[in-house]
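Worksheet: one structure, shown below.
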Amino acid sequence: MGIFLAGGDSKPVKHKSHKLDATKTVDIYHPGYSSPKLLLILVAFEAPSGQRGVPVSVVLDSCRILANNRDGTLHTMMDADVELTAPANDSSLLPPGRYVYRVTGGDACVVRVVEFGCSCVRRCYAVCTSFRAWTPPSVLPPHWNSAAMGTREPSPASTASDCSTVVKMVDGRCAVTGDVSRLENSHLVPKEDELWWILKGMSGITSNRHGINSPPNCLALRADLNRAAMEGHLVFAPYAGTAVCVCLAEELADFAVEYHLRGIEMPSRIHPMNVYVRFAWGLFKRLHPLLRDLARDPSVVTIAEPHFPDELEGDDDDDDSYQESVLEPPLDVDTWTERDVEIAEGLDAGLDGRPLAPYEQHAGMYPGYSKPIRLMYEYRRNHPEVSAVRHARVARRGEDDDEQAV
């Protein structure tokens with residue numbers, strides 16, 4: 001009986017003529033020193049046009065983050081006084097070469113440095129050399145606010161324990177390749193950085209009361225790409241009006257042939273700020289050896305890394321479980337800044353109407369806890385001569401009435 005079908009010839013050998021060249025780079029220098037300091041190295045992979053370069057928007061975004069959210073301009077090393085004309089086309093590429101990044105609006109600080117045995121005064125913008133030292137901006141750059149990067153829609157309700165299941169079920173495919181197998185739940189802001197999330201007030205910034213382990217901060221990726229992303233080898237960014245995969249590492253040269261600057265459909269539940277923070281996280285991860293050396297250079301002005309309390313402690317058996325924090329908010333408001341108070345208020349705004357997470361309970365947080373902190377801060381700021389309140393503290397819920405409180 002003729003039930004057999006013709007299978008045809010075997011698939012041809014995969015095309016090998018494409019050169020996997022990852023040797024050309026865009027190098028950005030800090031011009032504030034007698035010998036410019038190397039700040040940034042980005043691999044100039046081949047773009048869809050066939051040209052090699054790095055999207056100008058990606059270069060400027062990277063420089064802005066390393067300059068602690070300060071806008072700036074690009075100049076060639078050969079003529080550092082002439083600004084490169086801003087491209088009208090948002091798909092423009094910066095060709096391989098050496099450039100400098102100057103911040104706009106005046107340099108950040110005047111410092112005395114010792115170079116070649118001589119003491120001199122220089123105007124320098126400070127460099128952010130680690131993710132922990134970096135603070136997300138209050139407002140995203142305009143091109144990051146497009147619908148292609150997420151729409152801030154309310155996320156599907158889920159608990160931390162089922163977040164992975166929800167994301168993989170809702171997405172169904174890898175956000176980059178479209179594959180349906182080997183999917184993993186990828187946190188944009190890594191769950192290992194939950195303490196950073198808390199201290200930087202990300203729940204308030206993103207209006208996400210569910211925290212870091214929730215769908216607005218997660219998307220499905222193929223397992224090998226998720227691992228590559230965790231090494232800082234790839235990030236996501238806006239390019240030519242859409243969200244794309246951006247390869248940062250020469251280790252992904254073969255992958256970059258097909259997927260570098262390839263458009264992806266960002267799930268509508270994703271908050272654009274989370275994508276931007278992951279861009280910064282991947283950048284710091286990839287540049288760690290270079291930035292570590294800058295941080296160790298006594299002549300370089302850097303952003304101080306704030307003291308972080310002990311790491312979150314908890315059971316890691318559940319990949320998406322909330323962890324218990326030993327975070328203890330310092331209530332000596334003499335040491336607080338306006339930003340610290342705003343972070344507390346942002347965290348406070350996300351507490352109402354839901355059970356407190358273990359780390360929040362441990363930290364003494366409750367709906368409205370930031371109000372006395374604000375009162376203490378404003379009182380100390382407006383009455384510096386009053387020292388009696390220096391060691392006053394906020395009474396926490398459940399404490400005896402005879403506790404000293406403000």
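Residue numbers in the sequence shown follow UniProt numbering, run continuously in steps of one, and reach 406 at the last position.
Beta carbons: idealized from backbone N, C-alpha and C, even for Gly.
Residue i burial status per 10 Å Cβ neighbour count (16 or more: buried)
{"i": "V82", "result": "exposed"}
{"i": "G53", "result": "buried"}
{"i": "Q323", "result": "Note that Q323 scores a pLDDT of 37, beneath 50, so its modelled location is shaky and nothing firm can be said."}
{"i": "S186", "result": "buried"}
{"i": "S49", "result": "exposed"}
{"i": "D79", "result": "exposed"}
{"i": "S387", "result": "Annotation note: pLDDT 44 at S387 (below 50); position unreliable, no value reported."}
{"i": "D315", "result": "The pLDDT assigned to D315 is 43, lower than 50, so where the model puts this residue is not dependable; a value taken from the coordinates is nonetheless given after this. Result: exposed."}
{"i": "E313", "result": "Reliability of the predicted coordinates at E313 is poor, the pLDDT of 48 falling under 50, and the value obtained from them is presented with this limitation in mind. By the neighbour-count rule (16 or more Cβ atoms within 10 Å), E313 is not buried but exposed."}
{"i": "V166", "result": "buried"}
{"i": "K191", "result": "buried"}
{"i": "R292", "result": "exposed"}
{"i": "T129", "result": "buried"}
{"i": "P289", "result": "exposed"}
{"i": "I212", "result": "buried"}
{"i": "V58", "result": "buried"}
{"i": "E194", "result": "buried"}
{"i": "A304", "result": "exposed"}
{"i": "G105", "result": "exposed"}
{"i": "I3", "result": "exposed"}
{"i": "L38", "result": "exposed"}
{"i": "M169", "result": "exposed"}
{"i": "R286", "result": "buried"}
{"i": "D71", "result": "exposed"}
{"i": "L171", "result": "A small correction: the amino acid at residue 171 is Asp; Leu does not occupy that position in the sequence shown. It is buried - the Cβ of D171 has at least 16 other Cβ atoms within 10 Å."}
Per DSSP, the bridge partner or partners of residue i
{"i": "L42", "result": "V26"}
{"i": "E83", "result": "H75"}
{"i": "A237", "result": "V244"}
{"i": "L94", "result": "V54"}
{"i": "T302", "result": "V127"}
{"i": "G353", "result": "According to DSSP, G353 bridges with nothing at all."}
{"i": "I264", "result": "A243"}
Unbroken beta strand (DSSP E) run spanning residue i, endpoints
{"i": "G72", "result": "G72 to T76"}
{"i": "Y99", "result": "G97 to V103"}
{"i": "A349", "result": "Taken as a continuous stretch (DSSP letters only), A349 belongs to no beta strand (DSSP E), being part of the alpha helix (DSSP H) at E338 to A349."}
{"i": "A133", "result": "Run containing A133: none; DSSP gives neither H nor E here."}
Proximity of residue i and residue j at Cβ, strictly below 7 Å
{"i": "A237", "j": "E184", "result": "no"}
{"i": "Y369", "j": "D352", "result": "no"}
{"i": "G201", "j": "I373", "result": "no"}
{"i": "V103", "j": "A147", "result": "no"}
{"i": "T206", "j": "M149", "result": "no"}
{"i": "Y29", "j": "V100", "result": "yes"}
{"i": "G282", "j": "V244", "result": "no"}
{"i": "L219", "j": "P267", "result": "yes"}
{"i": "L221", "j": "H233", "result": "no"}
{"i": "residue 434", "j": "V26", "result": "The question about residue 434 has no answer here: the residues shown for the chain are numbered 1 through 406."}
{"i": "L261", "j": "A44", "result": "no"}
{"i": "V189", "j": "V277", "result": "yes"}
{"i": "V300", "j": "L294", "result": "yes"}
{"i": "C247", "j": "A256", "result": "yes"}
{"i": "P137", "j": "N69", "result": "yes"}
{"i": "R354", "j": "R209", "result": "yes"}
{"i": "G350", "j": "S203", "result": "yes"}
{"i": "C124", "j": "G263", "result": "no"}
{"i": "P216", "j": "H271", "result": "yes"}
{"i": "S62", "j": "L40", "result": "yes"}
{"i": "W134", "j": "A229", "result": "no"}
Residue i - containing alpha helix (DSSP H), residue span
{"i": "C163", "result": "C163 to D171"}
{"i": "C128", "result": "From DSSP, C128 is part of no alpha helix (DSSP H); its letter is neither H nor E."}
{"i": "A243", "result": "Element bounds for A243: not the alpha helix (DSSP H) but the beta strand (DSSP E), T242 to C247."}
{"i": "Y259", "result": "A253 to Y259"}
{"i": "W281", "result": "P272 to R286"}
{"i": "E250", "result": "Premise fails: E250 is in no alpha helix (DSSP H) and is neither H nor E."}
{"i": "I373", "result": "S370 to N382"}
{"i": "A56", "result": "This sequence places Val at residue 56; Ala is not what is there. Counting along the chain, the alpha helix (DSSP H) containing V56 begins and ends at V56 to L66."}
Residue i: CB within 6 Å of a non-hydrogen atom of the ligand ADP
{"i": "C63", "result": "With respect to small molecules bound, the structure shown includes none, and the ligand ADP cannot be examined in it."}
Ranges of the beta strand (DSSP E) found wholly within the UniProt domain "HNH nuclease" (174-233), counting only runs of at least 3: Within the UniProt domain "HNH nuclease" (174-233), the runs of beta strand (DSSP E) at least 3 residues long that lie entirely inside it are, in chain order, 183-187 and 218-222.
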